[in-house]
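Contents: one structure, followed by commentary.
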Amino acid sequence: MQIIKIILKMNKLIAPSLLSADFLHLSRDIDMVNKSQADWFHCDIMDGVFVPNISYGIPLVQAIKKEALKPLDVHLMIVEPDRYFEKFRDAGADIITFHYEASTHIHRSVQMLKSLGVKAGVVLNPHTSVTLLEDILGDLDLVLLMSVNPGFGGQKFIERTYAKIEKLRQMIENQGLKTLIEVDGGVNTENAPKLFAAGADVLVAGNAVFKSEDPIKTIELMKS
Ligand code: DX5
Ligand code: ZN
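Below, the structure is given as structure tokens:
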């Protein structure tokens, strides 16, 4: 138990979501993340089909990569994600996550990501049970739990997520794995400590970081 707690402490990672950045001053916002204690850049890719919104695509990820000094965590909210794995890897993705709900052959997709040399993760919408990952967990570098319905920044955190984190943490421990748990949507300085305590390793934060008066301080608070 002690060892588990130490590991959890080491894994308090923050991934600011650039969806909430100021696109007219993207360079400035990337620079802020570079200088902060944040760990990854979270890039939200929306196709207007899987989710009711369109965000940005490959050219912007390429541009972000040129300035980002930390890994790019690319969250694909798109149908047929396999078709785009290689393109996003080439654009600079270090981690690629795709939705369980948008995929038919998850095992094949995960192997594809591994052969491309990127970290592989599966994303679950709020309604999708973590138990569905039981037989694929050992192949995953991370699981991203959506704590809002995907598609937009600035939504309200869904409280049920805590129970999902705890259950998934138990599954990971039972199988003796190192799979990371990432949480995305409505994360702020108030719920961040509770999410880490429940067993999350990585927290994505959009509005809470970029709309705050002092983003660097907010990131620091989230990690502390
Ligand atoms: C939602 C995206 C999130 C979003 C989070 O579909 O996946 O990454 O940018 O934004 P906040 O933290 O504002 O809820
Ligand atoms: Zn996201």
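Numbers in this note's numbering are just positions in the sequence shown, counted from 1, shifted up by 28.
Where is the CB? At the ideal position from N, CA and C, for every residue including glycine.
Keep in mind that this is a model prediction, so the values were computed, not measured.
| Query | Result |
| --- | --- |
| C-beta contact flag for residue 151 and residue 127 at 8 angstroms | yes |
| Distance cut-off 7 angstroms: residue 232 Cβ against heavy atoms of the ligand ZN | yes |
| Residue from 50, 94, 67 and 124 with nearest C-alpha to residue 146 | 124 |
| Proximal residues to residue 183 (C-beta, below 8 angstroms), its chain only, five neighbours per side dropped | 176, 177, 213 and 214 |
| Distance between residue 252 and residue 66 (C-alpha atoms, nearest Å) | 12 angstroms |
| Opening and closing residue of the beta strand (DSSP E) in which residue 41 lies | 41-44 |
| Beta-carbon contacts of residue 250 that lie in its chain and below 7 angstroms, excluding the five residues immediately before and after | 42, 217, 220, 231 and 233 |
| For residue 210: DSSP bridge partner residues | 172 and 230 |
| Residue 200 versus residue 139 - alpha carbon distance | 20 angstroms |
| Those residues, in chain order, that have a beta-carbon closer than 5 angstroms to some heavy atom of the ligand ZN | 72, 103 and 212 |
| Residues near residue 248 by beta carbon distance below 7 angstroms, same chain, minus five either side | 65 |
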